[in-house]
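In mature numbering (1 follows the signal peptide of the UniProt record, and there is no 0), the protein residues as written are -21 to -1, 1 to 259.
Think of the CB as a built atom: it goes at the ideal place given N, C-alpha and C, for glycine as much as any other residue.
Below: the structure, in structure tokens.
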């Protein structure tokens, strides 16, 4: 039976997602919120269903601190004792033993803390299986027929609370992981930028070195070309001077040869002329 009730609670949490439009949650000094329905028109099963519709559960009071926190809220909000369902039952035991075990529907755990009114739980007529705050004994517990109509107290669903914590933890872990990835990406990106800048600087240095070498080569080439031109000019000058000298010498020789020939023929002509004159 206990496992069945716990299973029903889990299924209800998964399927019933309606949100209350009128009821209000009140925050207690234990930091938790409780929904208080004061209208006395719900049996225990209906109260359980109403809490489930709101994605809540009938309250389970495991400690004296929690019991006192809820009583404090009731005094502030309601202002007077009322019959209000709690989330416990005896699994419909037929025994009238005051010490018979009771269990919280939300957790399936047996009561470890109780605040029973005197001489309770008595299971009167063997029909009192559900637990409530008792109006006749202000803020004390009583067992009563589960079909009795009264108000109820809901709290956050344990499974939803656990789920929300797990989701929060997973979200935090995901955020941390995302931040780590983002930080790692940022570091890698910065490293790549540094490497690219270094390569650009290296490329610029290579280009500068190439310009220097090309300028040096150009200068060397110009010097070499100038030297070749100078050497050629010198050689041309020497050849020209040599040729002019040779031409001059040839002219001198030619003039001397002409003079010699003229003188020789003049002498011969003179001899012939004298001979002619003697004859004629």
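How close, in whole Å, do the beta carbons of residue i and residue j come, if the pair is a contact with beta carbons under 8 Å?
i           : j          : result
residue 109 : residue 68 : 5 Å
residue 5   : residue 13 : 6 Å
residue 128 : residue 19 : 6 Å
residue 91  : residue 41 : 6 Å
Identify the residues that DSSP records as bridge partners of residue i: which are they?
i           : result
residue 4   : 14
residue 110 : 122
residue 129 : 21
residue 82  : 68, 89
residue 95  : 120
residue 135 : 35
Which first and last residues belong to the alpha helix (DSSP H) in which residue i is found?
i           : result
residue 123 : Careful: residue 123 lies outside any alpha helix (DSSP H), inside the beta strand (DSSP E) at 119 to 124.
residue 53  : 43 to 56
Let me know the secondary structure DSSP gives residue i once reduced to three states.
i           : result
residue 19  : strand
residue 34  : coil
residue 235 : helix
Which residue marks the beginning of the beta strand (DSSP E) containing residue i, and which one marks its end?
i           : result
residue 261 : The structure shown does not extend to residue 261, since the chain spans only -21 to 259, so no value can be given for it.
Three or more C-beta pairs below 8 Å linking the region 41 to 56 and the region 152 to 162: no
Stretch pair the region 95 to 106 + the region 39 to 46: three plus CB contacts closer than 8 Å: no
Cβ contact check for the region 132 to 139 and the region 72 to 82: 3 or more pairs under 8 Å: no
Contact the region 112 to 130 vs the region 27 to 37: 3+ CB pairs below 8 Å: no
Given 8 Å, three or more beta-carbon pairs between the region 33 to 43 and the region 118 to 136: Because the criterion of three Cβ pairs below 8 Å is met, the region 33 to 43 and the region 118 to 136 touch.
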